[in-house]
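These protein sequences, in sequence, are chains V and U. Under our numbering, the first residue of the first sequence carries the number 1, and numbering increases by one thereafter. Under our numbering, the first residue of the second sequence carries the number 1, and numbering increases by one thereafter. For each residue, glycine too, the CB sits at the ideal point set by N, CA and C.
Number of protein chains: 2
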Amino acid sequence: MRLSKRGEYGLRAMIMLAGSARENEPLPVVQIKEISQREQISSKFLEQILLTLKNAGMLHSKMGVGGGYYLARPASEITLGQIFRVLDGPVAPIKCVSQMAYEPCGCPDEQTCGLRLVMGDVRNAIVDILDHTSLEDVAKRREAVQQSLGLTSQ
Amino acid sequence: MRLSKRGEYGLRAMIMLAGSARENEPLPVVQIKEISQREQISSKFLEQILLTLKNAGMLHSKMGVGGGYYLARPASEITLGQIFRVLDGPVAPIKCVSQMAYEPCGCPDEQTCGLRLVMGDVRNAIVDILDHTSLEDVAKRREAVQQSLGLTSQ
DNA sequence: TCAAAAGTCTACTAGTTCCATAGACTTTAT
DNA sequence: ATAAAGTCTATGGAACTAGTAGACTTTTGA
Numbered sequence: 001m002r003l004s005k006r007g008e009y010g011l012r013a014m015i016m017l018a019g020s021a022r023e024n025e026p027l028p029v030v031q032i033k034e035i036s037q038r039e040q041i042s043s044k045f046l047e048q049i050l051l052t053l054k055n056a057g058m059l060h061s062k063m064g065v066g067g068g069y070y071l072a073r074p075a076s077e078i079t080l081g082q083i084f085r086v087l088d089g090p091v092a093p094i095k096c097v098s099q100m101a102y103e104p105c106g107c108p109d110e111q112t113c114g115l116r117l118v119m120g121d122v123r124n125a126i127v128d129i130l131d132h133t134s135l136e137d138v139a140k141r142r143e144a145v146q147q148s149l150g151l152t153s154q
Numbered sequence: 001m002r003l004s005k006r007g008e009y010g011l012r013a014m015i016m017l018a019g020s021a022r023e024n025e026p027l028p029v030v031q032i033k034e035i036s037q038r039e040q041i042s043s044k045f046l047e048q049i050l051l052t053l054k055n056a057g058m059l060h061s062k063m064g065v066g067g068g069y070y071l072a073r074p075a076s077e078i079t080l081g082q083i084f085r086v087l088d089g090p091v092a093p094i095k096c097v098s099q100m101a102y103e104p105c106g107c108p109d110e111q112t113c114g115l116r117l118v119m120g121d122v123r124n125a126i127v128d129i130l131d132h133t134s135l136e137d138v139a140k141r142r143e144a145v146q147q148s149l150g151l152t153s154q
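Rendered as structure tokens:
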């Protein structure tokens, strides 16, 4: 049940972009190089990932001096599920329970396949989380954790 | 977030073994060939999978004429999570949230890593299902579905 | 106007994993 | 003794993963 490095890096980059937004300021434009340094990711690999995300409409970019990437929509309107699917494909653990990419799995009787019933539950549990967690939610949650750590360490 | 064929076939085989048990009868001994035919799985591939499951202590076997495989413990004491881990490794989508195989994931600050917080939730959701669903649970659920289909089709 | 700074695009590759298949071997019942 | 079953190890092709390389385009601003 593994998230690929591609997915991990892409999600981390998007979360970083959402986290560097400040209220009442324009969306910050951040360079690949800066993201790769802050998140410790190979910049050439990250480049491909951001390009994919851009072509999927989740990021916009500016070329040339002073250019970089920024979120295509407000952080509250981009969910982790959307990002995940662009980079790692369907969320479902097995194709016969996938909403986005259904395929029969080859069991003798799909309707009564026990594995399918359980994996359907697993799929729903994952989707519930990923599709209902926006980049904004993640940023807020991180801030909350940071604050609680700050308070308890005093 | 994919379950491998290995994991899928192994789970299906175990579910089949649990499903072919009858009350007040000794655990049925089933041959590889029969499982592979009923579940439409390459018998040589299945052979390796069952062997792995046997070496992990989840199956027992009998060699020779009239031999085959049978569950090493009652179906109520074998969970899908146990089987999954033997065949596909840790359940966690990312190593830094794995209980069984923790490794740092390389993010700058693990404690406040937003991705890690969310993936921890995902891990917990999956584990909740897989570790609390036994082979017996699956068999009962399948029977319930079969009954409800039988009733409504009359 | 030109050079530097940035993203864009395509190709390549070493390594790994996945899904098997093959075949020789061991154990057991009759 | 023989046939039926599981055991074990090796091999192979295909796909995928994580990354590297390099030539190209667009934009800014000196």
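- The continuous beta strand (DSSP E) containing V/G68 extends over residues 68-71.
- Here DSSP, grouped into helix, strand and coil, assigns U/L59 to strand.
- Beyond the five residues adjoining it in sequence on each side, U/L71 comes within less than 7 Å, by CB distance, of L17, A18, L27, L59, I78 in the same chain, given in chain order.
- Within chain V, the residues placing a beta-carbon under 8 Å from that of U/T112 are R142, V145, Q146, L149, ordered along the chain.
- The DSSP assignment places complete alpha helix (DSSP H) segments of no fewer than 4 residues inside the segment 91-147 of chain U at 114-131, in order along the chain.
- Straight through space, the alpha carbons of U/Y102 and U/D137 are spaced by roughly 29 Å.
- As the crow flies, the alpha-carbon of U/E25 is around 24 Å from that of U/Q37.
- For V/G106, the closest Cβ of chain U is nearer than 8 Å.
- Looking at V/R12, V/R73, V/G67, V/C113, the one whose alpha-carbon comes closest to that of U/L117 is V/R12.
- In the displayed model, V/V86 falls within a helix according to three-state DSSP.
- Residue pairing for U/T79: DSSP places it in a beta bridge opposite U/S134.
- Chain-order list of chain U residues neighbouring V/M119: L3, by C-beta distance under 8 Å.
- The Cβ of V/L80 sits closer than 8 Å to at least one Cβ of chain U.
- In this structure U/V97 is in contact with U/G120, their Cβ atoms being roughly 4 Å apart against a cut-off of 8 Å.
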